Amino acid sequence: MTENQLRKQTTSPSEDPNGEIDALLADLWQRHLPTLRERLDLLTRTAAEAATGTLDETARAEAQSVAHKLSGNLGMFGYHKAGGIASQIEHIFKTPTPETLTDLASLTQDLHETLASSL
Amino acid sequence: MRRILIIDDEDDIREVAALSLEATAGWEIITANSGAKGIEVAVAQQPDAILMDVMMPEVDGPTTFRNMQQNSAISNIPVLLLTAKVQGVDQRRFAGLGVAAVLFKPFDPLTLADQISEVLGWNKNGHSEQPPPSEPAV
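Chains as they are written, first to last, in our numbering: chain A, 18 to 136; chain B, 91 to 228.
Quick look at the structure:
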């Protein structure tokens, strides 16, 4: 289906929207896993660069964008704690200071551990 | 029946938002993965409302909204910005753009249609209950 194509046309709400949405979320989560793992790896690498003072602007901006996406997506899948950690990471990358950059390694570790059972 | 255009570069967000609005409200959903495509689709399909992400590559949501306002074919379509939780200063900036509302991610798929209906003064069957608020809802 192309992006601007009309999706399926419905005339009334589903009789079981909860079940339909739960099934979609479970399916999407499985499809989302490879991207999620890549994003977590990127945050881990970038946090290590920040800790060693080798973080450049391109990497900072990319990590901020990735953390932003995670903060929006994870909560939608029900991972609210992980989404909150991603939001903290995004905030640090958005307005970094020498003090907060050193927090990134532990935050990315927390994020991994919070999601570990679902990865 | 209401027709909603969802503009977001994230596939997952588009899919979940689309299915939740279809399943819970029975609305017709069209999607676009960028602001530029979103404007094309909006002009062609004339949705009743547009749900659009703030942070997108190339052209972001606020810039896309300003471009929509300059296009008389779609300038009257209410736009709801969708963003991750932001600081107060960003909230005020988005509200000052003239959008109908600012909604926050992560959203609850089961209540997203209710949120949209509430800020636009719709009931979920697609009829207007009252005019949309003149001040953006945040």
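Where is the CB? At the ideal position from N, CA and C, for every residue including glycine.
Remember, it's a predicted structure, so these values are computed and weren't measured experimentally.
Within chain B, partners of residue i - CB distance below 7 Å
i: S88 (chain A); result: A174
i: G100 (chain A); result: P196
i: H129 (chain A); result: Ordered by position in chain B, no residue passes the 7 Å Cβ test against H129 (chain A), which lies about 19 Å from the chain.
Beta-carbon proximity list for residue i, same chain, < 6 Å, skipping 5 on both sides
i: I164 (chain B); result: A132, V133, M158
i: E20 (chain A); result: Low per-residue confidence applies at E20 (chain A): pLDDT is 44, beneath 50, and the placement is therefore not dependable, though the value from the model is reported in the following sentence. Excluding sequence neighbours, E20 (chain A) sits near nothing in its chain.
i: L72 (chain A); result: E66
i: V173 (chain B); result: It should be pointed out that residue 173 (chain B) corresponds to Thr in this sequence rather than to Val. The residues are V144.
i: R62 (chain A); result: none
i: T131 (chain A); result: K98, A99
i: T28 (chain A); result: Legend: pLDDT at T28 (chain A) = 47, less than 50; position of this residue unreliable, no value from coordinates given.
i: N123 (chain B); result: D99
i: R77 (chain A); result: F110
Contact set between residue i and chain A, taken where Cβ atoms lie within less than 7 Å
i: L200 (chain B); result: P34, N35, I38
i: F197 (chain B); result: M93
i: D102 (chain B); result: L45, H49, N90
Range covered by the beta strand (DSSP E) that runs through residue i
i: F194 (chain B); result: 191-195
i: L141 (chain B); result: 139-143
i: T61 (chain A); result: Counting along the chain, T61 (chain A) falls outside any beta strand (DSSP E), though it belongs to the alpha helix (DSSP H) covering 34-68.
i: R93 (chain B); result: 93-97
i: E148 (chain B); result: Unbroken run through E148 (chain B): none, as it is neither H nor E.
i: L172 (chain B); result: 169-174
i: T121 (chain B); result: 118-122
Close beta carbons around residue i, own chain, < 7 Å, minus the five adjacent residues each side
i: I38 (chain A); result: none
i: I119 (chain B); result: I94, I96, A108, L111, E112
i: Q26 (chain A); result: Because the pLDDT of Q26 (chain A) is 43, which lies under 50, any placement of that residue in the model is unreliable, and the question is left without a value.
i: L210 (chain B); result: A139, P168, A190, P222
i: P107 (chain A); result: In the sequence on display, residue 107 (chain A) carries Glu and not Pro. Answer for E107 (chain A): Q81, A84, H85, S88, listed in chain order.
Neighbourhood of residue i by C-beta distance below 8 Å, restricted to the same chain and skipping five residues each side
i: H49 (chain A); result: N90, F94
i: Q22 (chain A); result: Residue confidence for Q22 (chain A) is low, a pLDDT of 44 falling below 50, so the modelled location carries little weight and cannot support an answer.
i: A203 (chain B); result: S110, L111, T114, A115, W117, K214
Amino acids of chain A, ordered along the chain, whose beta-carbon sits closer than 8 Å to that of residue i
i: E105 (chain B); result: L41, L45
i: L170 (chain B); result: Within chain A, no residue comes near L170 (chain B); the closest Cβ sits about 15 Å away, beyond 8 Å.
i: L109 (chain B); result: E37, I38, L41
i: M142 (chain B); result: Those do not exist, as M142 (chain B) stays about 13 Å from chain A at its closest Cβ, beyond 8 Å.
Extent of the continuous alpha helix (DSSP H) run through residue i
i: M158 (chain B); result: 151-159
i: I103 (chain B); result: 101-115
i: I129 (chain B); result: 125-135
i: A163 (chain B); result: Note, A163 (chain B): premise wrong, no alpha helix (DSSP H); not H, not E.
i: I206 (chain B); result: 202-210
Residue i: contacting residues in chain A (beta-carbon distance under 9 Å)
i: M158 (chain B); result: The contacting residues do not exist; M158 (chain B) stays about 16 Å from chain A at best.
- Message: Pairs of beta-carbons, one from the segment 85-103 of chain A and one from the segment 182-190 of chain B, closer than 8 Å: are there three or more?
- Response: no
- Item | Minimum length 3: unbroken beta strand (DSSP E) runs contained in the segment 89-134 of chain A | none
- For the segment 137-151 of chain B against the segment 98-110 of chain B, are there 3 or more C-beta pairs whose distance is under 8 Å? yes
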